[in-house]
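In my numbering, the protein residues as written are -7 to 96.
Idealized CB from N, CA, C, for every residue including glycine.
Note that the structure is predicted; figures quoted are calculated from it, not measured.
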């Protein structure tokens, strides 16, 4: 058996906000893709300074150090901008708040 102990009507703000984790993950994935594309497009000629040829795996790893944080940061900024835009479209609704106490 259950009984309604109390009931009250309150106002609540409803707002759609982006999921920041999803945007950040997309930024990381795009950074990895950008590093892969830059690795495939790059030339592998001997360096004039030390006369060394860097293997594609090493170039990919070095590019990851730059493209992943840049993609992460850019996606975070996009999520923040979308959150600010969504804040303008807040809706205030009335919600009935009930407390139910179950008794055995």
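- Straight-line spacing of the CA atoms in residue 13 and residue 72 works out to 12 Å.
- Inter-residue distance for residue 58 and residue 89 is about 50 Å (C-alpha atoms, whole angstroms).
- Inclusion of residue 23 and residue 62 in the CB contact set at 8 Å is warranted, their separation being smaller than that value.
- Nearest in C-alpha terms to residue 31, of all of 46, 17 and 15, is 46.
- Counted as a single uninterrupted DSSP element, the alpha helix (DSSP H) harbouring residue 76 occupies residues 48 to 79.
- Just so you know, the alpha carbons of residue 17 and residue 28 end up roughly 17 Å apart.
- Excluding sequence positions up to five before and after residue 84, its CB lies within less than 7 Å of the CB of 3 and 5, all in the same chain and listed in chain order.
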